[in-house]
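There are 2 protein chains.
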Amino acid sequence: MFSKTCEYAIKACIYIASQSLVQKRVGIKDIAQAIESPEAFTGKIMQVLSKNHIVDSVKGPHGGFEIPESAMKEKRLAEVVRAMDGDDIFKSCGLGLKECSGANPCPLHSQFAKIRADITKLLETTSLYDVATGLADGLTFLKR
Amino acid sequence: MFSKTCEYAIKACIYIASQSLVQKRVGIKDIAQAIESPEAFTGKIMQVLSKNHIVDSVKGPHGGFEIPESAMKEKRLAEVVRAMDGDDIFKSCGLGLKECSGANPCPLHSQFAKIRADITKLLETTSLYDVATGLADGLTFLKR
DNA sequence: CAAATAAAAGACTTTTTTATCTTTTATTAA
DNA sequence: TTAATAAAAGATAAAAAAGTCTTTTATTTG
Chain A
1 MFSKTCEYAI KACIYIASQS LVQKRVGIKD IAQAIESPEA FTGKIMQVLS
51 KNHIVDSVKG PHGGFEIPES AMKEKRLAEV VRAMDGDDIF KSCGLGLKEC
101 SGANPCPLHS QFAKIRADIT KLLETTSLYD VATGLADGLT FLKR
Chain B
1 MFSKTCEYAI KACIYIASQS LVQKRVGIKD IAQAIESPEA FTGKIMQVLS
51 KNHIVDSVKG PHGGFEIPES AMKEKRLAEV VRAMDGDDIF KSCGLGLKEC
101 SGANPCPLHS QFAKIRADIT KLLETTSLYD VATGLADGLT FLKR
C-alpha cells in the first residue's frame, strides 16, 4: 500500500503531533525509538517532511521536530503520503496501465476506482490531529 | 498496491483466459506482447503461475499456456495475488505494525480494515472468467 | 528417430528501495 | 565566544525487486 519510507513518515508525524500536543519537541533518536525505525533513515525522512513543511525543525540544543496544534489540525495524512510516495495511490491504475480510463479501462477499472476513492477520502479527510489524539490517549499504538 | 510481478501475472492470466475462451493456447511471446511486459521476465512469472496450478502449461510445438473454461470459472484473482505477493494485501497493517490488532491497533486500524475487506472481497469474488469475458468482448484492455 | 519448438531452470545483471556513516551547518547556553 | 547539541547534507552500502541471458528438458511432427 505505502512504501516503507511512507509508513515511517506517517508514524513519525503522528508521534510528533502527539508530543506537540503536550508541548514536547522530539529528536530523531526519540522518534526512531517511538516508531521502531532505523535512526539514520528516519533522519533522511525527516528532511523530506521538513522541506515539505509538514513538520517544523529546530537545530541545536533542545532542538528537534514539532507540529503546532493549529497546523496539525490542517495537515491531512494525504499530504504526508504525497510528500513521500507521490500521488500514485490516489491516481494510478491497479494493473499498471498508463492510460487507464473510462475510454481505455483495465478489467478492474471501476472496481479499483471505488477502492481508490475510499483510500483518498480517508487520507484527505483525516488530519494529523485526528490520529494524534488517539495515540496521546493510549488508545492506539505505533509499535509492535 | 500490487508488485509489478503481480500486475503482470494478473494481466497474463486474464489474457490467457480470454484466449482459452476461443480455444487458443498462447506462448510467452504472445503474452508479453498482449500485456506489454518484458518477455523473459514474463517467462519467470509463468513458471510461478504454472507451479501454482493457476495456468496449464504445455511444452513443445504448439505448446503454451491455457486455462480450461471450467477452471477459470473457479479461479479467483485472489489466488493469483497470493501466488505472487503472498497475503500481505489481505492481512497486513497499513502502517507496517507486525502485531496490529484490536488489542494493539495502529491509528488507522479500523479504517484500513474496511479498505482491506473491500479489496479482499473484490479479489475473492472475481473469477478469471468474470474478467476474461470483458476483454474478449473488447470492453476492457490490458495495454496502454 | 531427428529437427524444431517452447517452456523450465539456473546463473546473472540492473535498478530501486532501504539503510548507514561521515561531515557540515545552525543554535543554544554556559 | 566556545563547547555541546541536534538537524542537514552528502557519499556510500546492503537488500530487494525487476529484468536478462544461456542451457536444459519435454513434446511434437515430419
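Same order as they appear, the protein sequences are chains A and B.
Residue 137 in the UniProt record's numbering sits at position 137 of the first sequence, and the numbers go up by one each step.
Residue 33 in the UniProt record's numbering sits at position 33 of the second sequence, and the numbers go up by one each step.
Note that beta-carbon positions come from the ideal geometry of N, C-alpha and C, so glycine has one too.
Computed from a prediction, not measured in an experiment: that's the story for all the values here.
Glutamine 111(B) reaches chain A at Leu122, counting residues in chain order whose Cβ is nearer than 7 Å. Taking the beta carbon of asparagine 52(B) as reference, no residue of chain A falls within 7 Å; the closest one sits roughly 19 Å away. Boundaries around valine 58(A) are those of the beta strand (DSSP E), 56–58, since no alpha helix (DSSP H) includes it. Between the alpha carbons of valine 81(A) and tyrosine 8(A) lies a gap of roughly 11 Å. Contact of valine 131(A) with chain B is assigned, a C-beta pair being separated by under 8 Å. Residue state for arginine 82(A) is assigned as helix, using DSSP reduced to three classes. Taking a Cβ-Cβ cut-off of 7 Å, the neighbours of arginine 144(A) in chain B comprise Leu97, Lys98, Glu99 and Asn104, given in sequence order.
Boundaries cannot be given for glycine 138(B), as no alpha helix (DSSP H) includes it and DSSP labels it neither H nor E. The C-alpha of alanine 117(B) is placed about 23 Å away from the C-alpha of lysine 11(A). The beta carbon of glycine 134(B) sits closer than 8 Å to some beta carbon of chain A.
As the crow flies, the alpha-carbon of lysine 75(A) is around 20 Å from that of lysine 44(A). Remark: C-beta atoms of proline 107(A) and valine 131(B) approach each other more closely than 8 Å.
Look at threonine 140(B): its C-beta is under 8 Å from a C-beta on chain A. Contact annotation: phenylalanine 141(B) and threonine 120(B) have beta-carbon atoms that are not nearer than 8 Å.
The straight-line gap separating the alpha-carbon atoms of threonine 5(A) and isoleucine 115(A) is approximately 22 Å. Check the Cα spacing between glycine 96(B) and each of Phe65(B), Gln19(B), Ala103(B) and Phe112(B): the tightest is with Phe112(B). In terms of Cβ geometry, valine 58(A) and methionine 46(A) do not form a close pair [threshold 8 Å].
For a cut-off of 8 Å, the C-beta gap from alanine 78(B) to glutamate 124(B) is around 5 Å, short enough to register as a contact. Isoleucine 119(A) reaches chain B at Ile115, counting residues in chain order whose Cβ is nearer than 8 Å.
Using a CB distance cut-off of 8 Å, lysine 44(A) does not count as an interface residue toward chain B. With a beta-carbon spacing of about 10 Å, isoleucine 14(A) and isoleucine 31(A) fall beyond the 8 Å limit used to define contacts. Contact check for alanine 83(B) and leucine 49(B): beta-carbon distance about 6 Å, within the 8 Å limit, so the pair qualifies. Take the alpha-carbon of isoleucine 28(B) and the one of threonine 42(B): they are about 7 Å apart. Non-local C-beta neighbours of glutamate 66(B) in its own chain, meaning closer than 6 Å and more than five positions away in sequence, comprise Ser20, Arg25 and Asp56, ordered along the chain. About 4 Å separates the beta carbons of alanine 136(B) and serine 18(B), which is inside the 8 Å limit, making them a contact pair. Distances from the CA of serine 3(B) to each of Asp87(B), Asn52(B), Pro61(B) and Ala34(B) were compared; the closest alpha carbon is that of Asp87(B). In this structure, DSSP gives arginine 144(B) a state outside helix and strand, which the three-state scheme calls coil. Between the alpha carbons of glycine 63(A) and glutamine 33(A) lies a distance of about 17 Å.
Listed by position along chain A, the residues whose Cβ is nearer than 8 Å to that of leucine 21(B) form an empty set, because the closest Cβ is around 14 Å away. Of the candidates His109(A), Arg144(A), Leu128(A) and Ser127(A), His109(A) places its Cα closest to the Cα of leucine 122(B).
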